[in-house]
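Q: Protein chains in written order, with this note's numbering: chain B, 40 to 365; chain U, 124 to 646. Think of the CB as a built atom: it goes at the ideal place given N, C-alpha and C, for glycine as much as any other residue.
1. Keeping to the same chain, check which residues put their C-beta closer than 6 Å to that of residue 290 of chain U; ignore five residues upstream and five downstream.
2. Should residue 435 of chain U be labelled buried (16 or more other beta-carbon atoms within 10 Å of its own) or exposed?
3. Consult DSSP for residue 423 of chain U and reduce its assignment to one of helix, strand or coil.
4. Going by DSSP, what residue range makes up the alpha helix (DSSP H) through residue 174 of chain B?
5. With respect to the beta strand (DSSP E) encompassing residue 241 of chain U, which residues constitute its N-terminal and C-terminal limits?
6. Return no unless some Cβ of chain B is closer than 9 Å to the Cβ of residue 467 of chain U.
7. Give me the subset of the stretch 214 to 231 of chain U whose CB atoms are less than 8 Å from a CB atom of chain B, sorted by chain position.
8. Within 9 Å of any Cβ in chain B, is that where the Cβ of residue 617 of chain U sits?
9. Do residue 242 of chain U and residue 476 of chain U come within 9 Å of each other at the CB atom, strictly closer than that value?
10. Compute the Euclidean distance between the alpha carbons of residue 494 of chain U and residue 502 of chain U, then round it to the nearest angstrom.
11. Expressed to the nearest angstrom, what Euclidean distance is found between the alpha-carbon atoms of residue 352 of chain B and residue 343 of chain B?
12. For residue 186 of chain B and residue 299 of chain B, I'd like the C-alpha separation in whole angstroms.
13. Name the chain B residues whose beta carbon is nearer than 8 Å to that of residue 593 of chain U?
14. Where does residue 549 of chain U sit, in a helix, a strand or coil, going by DSSP?
15. Would residue 600 of chain U count as contacting chain B if we go by Cβ distances under 9 Å?
16. Spell out a yes or no on whether the stretch 212 to 222 of chain B and the stretch 189 to 201 of chain B are touching, meaning 3 or more CB-CB pairs, one atom from each, closer than 8 Å.
17. Pick helix, strand or coil for residue 613 of chain U, following the three-state DSSP scheme.
18. Is there at least one Cβ from chain U nearer than 9 Å to residue 197 of chain B's Cβ?
19. Between residue 156 of chain B and chain U, is there a C-beta pair that is closer than 9 Å?
20. Please look up how many angstroms separate the CB atoms of residue 312 of chain U and residue 403 of chain U, rounded, as I've assumed it's under 8 Å.
21. Quick one: Cα of residue 323 of chain B to Cα of residue 333 of chain B, how far?
22. Buried or exposed: residue 564 of chain U, going by 16 or more other Cβ atoms within 10 Å of its Cβ?
23. Output needed in chain order: residues of the stretch 215 to 236 of chain B with a Cβ under 9 Å from some Cβ in chain U.
24. With DSSP run on the structure shown, which of helix, strand or coil describes residue 215 of chain U?
25. Tell whether a beta-carbon distance below 9 Å holds between residue 659 of chain U and residue 550 of chain U.
26. Can you check the stretch 436 to 483 of chain U for any beta strand (DSSP E) of at least 3 residues that lies completely inside it and give the ranges in chain order?
27. Per DSSP, which residues does residue 263 of chain U bridge with? Please list them.
28. Quick check: the Cα distance between residue 239 of chain U and residue 217 of chain U, rounded to an integer number of angstroms?
29. Go through its chain and collect everything with a Cβ distance to residue 327 of chain U's Cβ below 8 Å, but skip five positions before and after it.
30. Does the beta carbon of residue 106 of chain B sit closer than 9 Å to a beta carbon anywhere in chain U?
31. With residue 575 of chain U and residue 368 of chain U assumed to form a contact (beta carbons below 8 Å), what rounded beta-carbon distance in angstroms separates them?
32. Where DSSP assigns a beta bridge to residue 673 of chain U, which residues make up the other side?
33. Are residue 339 of chain B and residue 123 of chain B closer than 9 Å when you measure CB to CB?
34. Report the residue ranges of all beta strand (DSSP E) runs contained in full by the stretch 517 to 571 of chain U; include only those spanning at least 3 residues, in chain order.
35. Could you tell me whether the Cβ of residue 552 of chain U comes closer than 9 Å to any Cβ of chain B?
36. Pull up the distance between the alpha-carbon of residue 350 of chain B and that of residue 292 of chain B, whole angstroms please.
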């Protein structure tokens, strides 16, 4: 006897209780309309603030006078890659590009590793009060604006009553104004950034650690694993998905983040170690009116940032780790 | 269902309301009927008065507490006074300290209404951001024209005869080396006449700690007010023939920047010596106007190579804490191996400019002319409403006296800023006594310094942009490396290498372009 395929009852064609039936994507969208409604503001945000402005990149290939208005963006004369060539041939190209890469890598090291370290340390704290206190204190600087942060740095390091030169003098050193010293600028910048962001950035790792089954630690302890072994064999592997995705996300903004702090803290005396693509764009665009040139430099930076994300994502994918699209 | 429709209707109304509210300026109230003011409507209620938006980056806004902003009630009082007397609704945008130019450029590029602002006309005219004002001056600006000398107008005029703005300054000396005379007395020293004598004064202040703990023998800046550079304007003339100025190199008949002058290396060496010996305040490369004034008022500064008003306008507050404190300078001019140390600021190409997008340029000139037409009008815009912080002692002679201390108004409406109107009034004003004295008698005493070699020459930024691709790199290099030599982060032995680097960055293009423009104008 041949098996007869089950025949499912078909819905009445065309009508369902008097309402026209919807098919495919529109039907799904109608069914989940509230969810799509929630999605709408996010989509609008990206459309208005991320996609429509992409049209502005056109001016990187034109010679636009800054005050000619929006229409000039479309009517201006094309100059091809002239601004890109000018930037690549400029005397300070390698200095600016090198500073951007160096500061980005240093920031990555500081801002990516220190929060993990803090989270690991906090995970080991048994006193709930102390843990909460440290977490709260470490979060607070995140809410300090960059302008206030710069003001604090200038005050701390001022040779006119600042605490750092006073300490140096107290121990017999000869204090100088370290903020304008090429030998100290990067350390001060990274220190300030770390102080501001370390606590806030550690939240995601603390959250990930809270989801680890305590029985794993108990079993490991019974097997004789010490604290360090537990961290390296249980905690870190268990939060590796969070580390990977945070790493990829950080790589995505590596070329963008931190420029405000640099802009607020740097001065001509430390350009050699602090002038990055963003500060270069800022000066070319807003103080020298070279909008097309500044846009070209910014586009150059964005292309590098995009390439970094894709490479990192590819490597993560190959290593079987979390990636951006899965 | 009805409730949903009602909610949607309310939401739509709120959205529409918020959209129309955004950016939709409410029309300003019309002036009193019968007003004869030029901008007033012909008939009561016929139309709103012309609105003029002024971005006041003229440098007029100053005074203790100015960073917190003016009292809105006083601002409104002056706004009303202006409306009643001119018929124009004049709104002021106060620039953020330290980012005046960036904010202005954003406003202009963003299409915001900015009718009047201060800047270098050659820079803005080349980008067609501003309009010539000849016809408006002829029509309604006669008092403005009379106020400024011919050389000041010349600096604001292009080779076709277009006047692009109202001048801001005449040739002046603004960077004397101020020295605490009470400290000199205490140390039994004379006012120094030469760089060597100044060296001795600085050494004495440092070694003896004349001002107590934290004594600063020399407070200098390198990016001061009105594009001055304290160290360059105060001292470079002592070491070079032309001071802080472009110069004509007789060996090849080319215009070159000050940094390539014979003697510039000696200047750097001396500045480095003062820095490393601890005479010079270490933060000189990042000082702002407000920071300079704050430090001066602390009473620790023995000498200062900064824009004069940082001293003259701080003296009153300083003397409240240190009654014996006083500053003066060598009135015959400090001298060095190459002559006078100070370099004058030439008649500037910086002035009050009218935006090309301004719908009523004639109204802007009319409003400005109103302030220029009577010193009493200038006093209100500069010192606040009459009877509040000042009153006339002798109105006919334009002598005023102050009432208490001025707080809550910081000259936000002072658009006629500059020597002509600031010296048109005088008064018993303890807060600004030294400032007035300097402006009236000493600011234009040009014999105590050097006049820039190419004073009066206007270099077209459009030509520089086209001919000198490395102009930005050269500017950065001059600024950065000068500071590094002074701080000692780059040894002075590398000066020749620095010159070679300048040429690598495009200095020859710079020299050729500047030389061509110079000879075109001196023909």
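A: In brief:
1. The beta carbon of residue 290 of chain U sits closer than 6 Å to the beta carbons of 271, 275, 279, 474 from its chain, once the five residues preceding and following it are set aside; these are given in chain order.
2. buried
3. Of the three classes helix, strand and coil, the one that applies to residue 423 of chain U here is coil, per DSSP.
4. Residue 174 of chain B -> alpha helix (DSSP H) spans 167 to 178.
5. Where residue 241 of chain U is concerned, the enclosing beta strand (DSSP E) stretches over 239 to 243.
6. Residue 467 of chain U does not count as touching chain B.
7. 224, 225, 228, 229, 231
8. no
9. yes
10. 9 Å
11. 14 Å
12. For residue 186 of chain B and residue 299 of chain B, the distance between alpha carbons rounds to 9 Å.
13. 129, 130
14. Shown here, residue 549 of chain U sits in a strand according to DSSP, grouped into three states.
15. yes
16. yes
17. coil
18. yes
19. Not closer than 9 Å to any Cβ of chain U, the Cβ of residue 156 of chain B fails to qualify, so no.
20. Not quite, the Cβ-Cβ distance comes to about 19 Å (not below 8 Å), so this is no contact.
21. 6 Å
22. exposed
23. 215, 216, 218, 219, 220, 221, 222
24. strand
25. The question about residue 659 of chain U has no answer, for chain U in this structure spans 124 to 646.
26. 473 to 477
27. According to DSSP, residue 263 of chain U bridges with nothing at all.
28. 12 Å
29. 310, 312, 333
30. yes
31. 4 Å
32. Outside the displayed range of chain U (124 to 646) lies residue 673 of chain U, so it cannot be described from this structure.
33. yes
34. Counting only unbroken stretches of 3 or more residues, the beta strand (DSSP E) elements lying wholly within the stretch 517 to 571 of chain U are 522 to 525, 549 to 551, in sequence order.
35. Cβ-Cβ to chain B under 9 Å: no for residue 552 of chain U.
36. 14 Å
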